Amino acid sequence: MLNISPEEIAETLLMVHQQHLDIRTVTLGISIGDCGADSSGEMARRLYDKVTRAAERLVPVCEAIEREYGIPIRNKRIAVSPVAVVAGRCACDDLTPVAEAMDRAAEAAGVDFIGGFSALVHKGVGAGDDALIRSIPAALASTSRVCSSVNVASTRAGINMDAVVRMAHTIKETAELTAEADSIGCAKLVVFANMVEDNPFMAGAMHGAGEADIVVNVGISGPGVVRAVIAAMPLEADLTAVAEAIKATSFKITRAGELVAREAARRLGVAMGIVDLSLAPTPAEGDSVAEILEAMGVERCGAPGTTTALALLNDAVKKGGAMGTSSIGGLSGAFIPVSEDAGMVRAVECGALNLEKLEAMTAVCSVGLDMIAIPGDTPAETIAGIISDACAIGVINNKTTAARLIPAFGKHAGDHVSWGGLLGAAPVMSVSEWSSATLVRRGGRVPAPLGSLRN
Amino acid sequence: MQTRAILSVLGADRVGIVAAIATALAENSVNIEDIQQSILSGVFSMTMLVSIDEEAHPFEQVQARLAEVAEQLGMQVTLQREDVFRFMHRV
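First to last, the protein sequences are chains A and B.
Start counting the first sequence at 1; every next residue gets the next number (my numbering).
Start counting the second sequence at 1001; every next residue gets the next number (my numbering).
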């Protein structure tokens, strides 16, 4: 007997075919803890062998699942252990060969991005971390699939301002080295506070120390579905009703993610890791988080009330998703990347949304200062100031925050940059001309907040 | 092993839709367990619960045959494993 109603079947088909419901990523997390070697060349060889072997069936398995269940899986990706940790053994200054091996392994596996060219330096910089950060600009310039992330702050450790400043210079250098492609290297580089170790989304994906050898992590999507549900509600529906509608929709989206995660893990014969409840937009029309906020009632994303709407959305997605899976993990908060969201781009272009409002939004969602093009001549100290502000919000509020800023080399406020594909295109946003140089040059560490003393 | 799946057919009404779909299913030994069908303003909509013997006729093979029928009829025909609906619509 048909236990599912034709209406429910029609709703599912509508979600997929017209509202962009998809699984944003199935990310295979692979430990490379056993790939350490005395030279970067040997480490690169071991890493390539392990990743290509582990990920050999990832793409065909995901393609079979999307075909059989009728839910598109937009991206198949790989995350490895932070390279800096494994690189500690080899006394080398340049880890570019390792990044190039990651790039080749990703290409062989048929995935578009591989994460884990990463370091955690929130308290201090070790030899492997130093080599990795030094290698980032060249590594991102000589590869196309490698993503890099560096954690510079945590609630337990505070903010490592020396690392923040160093990353600001690294971002500038990366922008210059990839100037020909609108500084695309910086679109693959993210600076974190309270980085999570099971994040399936790029550019911050990596495979943490506490994970099993190989796991499947899944990132859900579905901004278009949520927007459609809210847009169909009467304008006089109160905010409790709006939250209820988002919860119900989030449950369904999450269940699709849970099913795909279980099935991918079973077919690949590896552990199921987490389902990340983040709403992730794409540049496609109708697949926008900004448009959800506008459907809720702000005239343009960035108008007063935007932070309230985003807070409600973020919370309701978690509440609905929590019923859909017992394996919540990753970042699990709405993404508001400017260039990857057509609604955000429109809001910036018409002057409704600026950097300061994005910073406020960071306080109530996931990775706030994301995919933001800024003038190429923005001083490194100003970039450090912006990053440290994002970190302060994360450290004090015990949450993940991050900054993925692209100081587009040779471009000025109002110019446009375009990276294509899921990375999208964006106007270059203006940055405050007031300096933070004296503050950030003090260096040292912003101590951990009192709230971190919880034991 | 019998796999349950949901078959959805949507498009402009015409003669022979059910016959074409049922023939393709029978060719692949797919059993029809339940059917719901309606026509609204000339739009034909049909939902079937079917069971597939995947050892004899792999899921992909049944999907490929139905895709041919969809092409001939000019309609949207979707075959999906039943779990996806159970997961998404039931607590």
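Ideal Cβ positions, reconstructed from N, Cα and C, are used throughout, including at glycine.
Every value quoted in this text rests on a predicted model; they were computed, and no experiment measured them.
By the Cβ test, the segment 392-408 of chain A is not in contact with the segment 311-324 of chain A, since fewer than three Cβ pairs between them sit closer than 8 angstroms.
Non-local beta-carbon contacts of T25/A in its own chain, meaning distances under 6 angstroms to residues more than five positions away in sequence, involve N75, R77, P200 and G219 in chain order.
For the 8 angstroms CB-CB criterion, A203/A and S288/A do not form a contact.
Secondary structure within the segment 6-67 of chain A: the beta strand (DSSP E) runs of 3 or more consecutive residues, fully enclosed, are 23-30 (chain order). Apart from sequence neighbours up to five positions away, the residues of its chain that approach T1047/B with a beta-carbon distance below 6 angstroms are S1008 and Q1036, ordered along the chain. With 16 or more other CB atoms across the displayed protein chains lying within 10 angstroms of its CB, W419/A is buried. Interface with chain A (8 angstroms Cβ-Cβ cutoff): E1054/B is excluded.
Where M1048/B is concerned, the enclosing beta strand (DSSP E) starts and stops at V1043 to D1053. Within chain B, F1087 have C-beta atoms less than 8 angstroms from the C-beta of E258/A, given in sequence order. Annotation: A1012/B to S430/A spans about 52 angstroms, alpha carbon to alpha carbon.
Contacts with chain B (Cβ-Cβ distance below 7 angstroms) from the segment 7-18 of chain A involve E8, I9, T12 and L13, listed in chain order. Interface flag for E1068/B against chain A is unset, since no Cβ pair is found closer than 8 angstroms.
DSSP, read as helix, strand or coil, puts S432/A in coil. The C-beta of K319/A comes no closer than 8 angstroms to any C-beta of chain B. The beta strand (DSSP E) runs of length 3 or more contained entirely in the segment 1002-1043 of chain B are, from start to end of the chain, 1002-1012 and 1031-1040.
Counting the other CB atoms within 10 Å of its CB gives T155/A a total of 16 or more, which places it among the buried residues. Legend: CB atoms of the segment 71-86 of chain A lying less than 9 angstroms from CB atoms of chain B belong to residues I71. The alpha carbon of E244/A has as its nearest neighbour, out of E299/A, D315/A, E107/A and A392/A, the alpha carbon of D315/A. Residue state for I387/A is assigned as helix, using DSSP reduced to three classes.
Contact with chain A is found for S1008/B, since one of that chain's Cβ atoms lies less than 8 angstroms from the residue's Cβ.
Residue contact with chain B for Y69/A: present (Cβ-Cβ distance below 8 angstroms to some residue of chain B). Uninterrupted beta strand (DSSP E) stretches at least 3 residues long and entirely within the segment 170-227 of chain A occur at 189-193 and 214-220, given in chain order. Inclusion of S278/A and G351/A in the CB contact set at 8 angstroms is not warranted, their separation being larger than that value.
When the Cα atoms are used, S1045/B and I1039/B turn out to be separated by approximately 6 angstroms. For F1059/B, the uninterrupted alpha helix (DSSP H) run begins and ends at F1059 to L1073, by DSSP.
Its Cα nearest to that of R67/A, the residue Q1063/B stands out among A1070/B, T1003/B and Q1063/B.
When C-alpha distances from L140/A are compared across A153/A, D162/A, N151/A and G116/A, the shortest belongs to G116/A. At a cut-off of 8 angstroms, the C-beta of V1091/B has a neighbouring C-beta in chain A. Here P427/A is near V348/A, since their CB atoms are less than 8 angstroms apart. Assignment of G257/A by DSSP, reduced to helix, strand and coil, places it in the helix class.
Neighbourhood of R255/A in chain B, by CB distance below 7 angstroms: F1087 and M1088, in chain order. The C-alpha of V85/A lies about 25 angstroms from the C-alpha of A392/A. Straight-line spacing of the CA atoms in E56/A and N1031/B works out to 35 angstroms. Beta bridge pairing from DSSP links F1085/B with no other residue. DSSP places D130/A within a helical segment (H, G or I) once states are collapsed to three.
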